[in-house]
Amino acid sequence: MLIDSRFRSGHFVEGREYAMRRPRGGAEWLLILTVDGAGVHRGRSTMARLPPHSAILYAPGTPQWYLTEPATGSWELLWAHFAGAPRFTDLTDWPRNRDGVGLIDTADAFDRVRAALDELVDLQREGLPQRPEFVLNALERTLLWCDTVNPRSPRAMVDRRVRTVLDAIARALGSRMSLRSLAAEAGVSPTRLSHLFKSEVGMSIPGYIESRRLQWAQDLLRMSDQPVSQIARQTGWNDPLYFSRRFSRAVGCSPTVWRKRLAANTPADADVLSD
0 MLIDSRFRSG
10 HFVEGREYAM
20 RRPRGGAEWL
30 LILTVDGAGV
40 HRGRSTMARL
50 PPHSAILYAP
60 GTPQWYLTEP
70 ATGSWELLWA
80 HFAGAPRFTD
90 LTDWPRNRDG
100 VGLIDTADAF
110 DRVRAALDEL
120 VDLQREGLPQ
130 RPEFVLNALE
140 RTLLWCDTVN
150 PRSPRAMVDR
160 RVRTVLDAIA
170 RALGSRMSLR
180 SLAAEAGVSP
190 TRLSHLFKSE
200 VGMSIPGYIE
210 SRRLQWAQDL
220 LRMSDQPVSQ
230 IARQTGWNDP
240 LYFSRRFSRA
250 VGCSPTVWRK
260 RLAANTPADA
270 DVLSD
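So the sequence shown is numbered by numbering that gives the first Met the number 0: it starts at 0 and just counts up by one.
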């Protein structure tokens, strides 16, 4: 699906007088993210405050009535109108109020959601022939980051402490990490973090770190000519021999053999680690 003329996005900073009402809704979806200040959604049977980090999603044909919250007096918002597509069906399945309006709190992923929406706004001014594809990519990333905090999504990462730890691991994947230091990042005890992480991610923290490091090592083996010992150190393994043993246990062969298989164009689909 390419983005058509119905796609629009923008960044508004509005005062107390701002209000928009479409009794019959629109022909496309409308996503609004509150950056600062606050807005209000008024429906036939409900009213919802839209504070910072909140996102509201109107489906096609759903009546739209939103305005600056009078008590706050200002509302900074990012918004996007977009056409539906089969690939967005699950990503637009948000918790809905009695008026059929989707509402989620993006606090745990706000920076990511905002960055993707900011990019959408910037793309409005692009003249590249690839613009429709770039727009679709940024829109899908916006919805995917919203999906990480969507309580209805089976893939949602709803605990902020676990998200904090995942981000910390990603930043320092090649460095030494301890359960105690990660627990300090999350603001909980090591025991509590271990339980939360296993419940949310489905594996232990050491197991998760090892799987990420092994996948990173596979990428380097595939895309570079670095020696195995250098790749081991770069991906957080102080002992190249121990790295080789863990790699062999996970993949079924040593890093050297795995790289040779790729060079020989030997099918090795079963030897590739997956998420």
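Glycine is no exception: its CB is placed at the ideal position from the N, C-alpha and C atoms. All values derive from a computational prediction rather than experimental measurement.
CB residue i to CB residue j, shorter than 9 Å?
i	j	result
ARG7	GLN129	no
TYR65	GLY99	no
VAL148	GLU199	no
LEU142	LEU30	yes
ARG111	ILE168	no
ILE230	LEU240	no
TRP93	CYS145	yes
TRP257	ARG245	no
ARG159	VAL34	no
GLU350	LEU90	The requested residue 350 is not part of the displayed model; the chain covers only 0 to 274.
PRO59	ARG43	no
HIS80	GLU27	yes
SER188	PHE196	no
ALA183	ARG191	no
ALA249	LEU213	yes
ILE103	PRO51	no
Among the options, which one has its Cα closest to the Cα of residue i?
i	options	result
TRP74	ARG140, ARG258, SER53, ALA155	SER53
GLN217	ASP35, SER243, PHE196	SER243
ALA171	GLU125, GLU209, ARG48, ASP224	GLU209
ARG86	VAL250, ASN136, GLY206, ALA182	ASN136
PRO205	SER228, SER223, ASP104, ARG179	ARG179
ARG20	ARG41, GLY9, SER223	ARG41
SER193	LEU165, ALA155, ALA47, GLY9	LEU165
VAL120	ALA262, PRO51, LEU76	LEU76
LYS275	ASP224, MET176, THR88	Because the chain is modelled from 0 through 274, residue 275 falls outside the range shown and cannot be assessed.
PRO69	THR88, LEU49, GLY9	LEU49
LEU116	HIS10, SER228, ASP238	HIS10
ALA152	THR88, LEU261, MET176, PRO22	First, the amino acid is wrong: residue 152 is Ser here, not Ala. For SER152, the nearest C-alpha among the options comes from THR88.
So residue i packs on residue j, CB below 8 Å; how close in whole Å?
i	j	result
TYR57	GLY83	12 Å between Cβ atoms; not a contact.
GLN233	GLY173	6 Å
ASN96	THR45	5 Å
ALA67	GLY14	Looking at the sequence itself, residue 67 is Thr, so the reference to Ala does not match. With 8 Å as the limit, THR67 and GLY14 qualify as a contact, their Cβ atoms being about 7 Å apart.
Does residue i pass the burial test, meaning 16 or more other C-beta atoms within 10 Å, or should it be called exposed?
i	result
VAL12	exposed
ASP226	Reading the sequence as shown, one finds Pro at residue 226 and not Asp. Exposed: under 16 other Cβ atoms inside 10 Å.
ALA18	exposed
ASP107	buried
GLY101	buried
ASP268	Residue placement at ASP268 cannot be trusted, given a pLDDT of 44 that sits under 50; the coordinates are not used to answer.
LEU1	Per-residue confidence for LEU1 stands at a pLDDT of 41, beneath the threshold of 50, marking its modelled position as unreliable; the derived number appears in the next sentence. So LEU1 ends up on the exposed side.
LEU127	exposed
MET222	exposed
GLY251	exposed
ALA263	exposed
GLY36	buried
THR255	exposed
THR105	buried
PRO266	With a pLDDT of only 47 at PRO266, under the threshold of 50, the placement of this residue in the model should not be trusted, and no figure is reported.
Heavy atom of the ligand FMN less than 8 Å from the Cβ of residue i, yes or no?
i	result
ASP238	The ligand content of the structure shown is nil, which means the ligand FMN is not present either.
_Segments assigned alpha helix (DSSP H), at least 4 residues, entirely inside the segment 107 to 148_ = 109 to 122, 130 to 146
*Runs of alpha helix (DSSP H) lying entirely within the segment 168 to 211, each at least 4 residues, in chain order*: 178 to 185, 189 to 200
Ranges of the beta strand (DSSP E) found wholly within the segment 35 to 103, counting only runs of at least 3
38 to 41, 46 to 49, 53 to 57, 63 to 67, 73 to 81
My parser needs the alpha helix (DSSP H) runs of 4 or more residues fully inside the segment 212 to 238; what are they?
227 to 233
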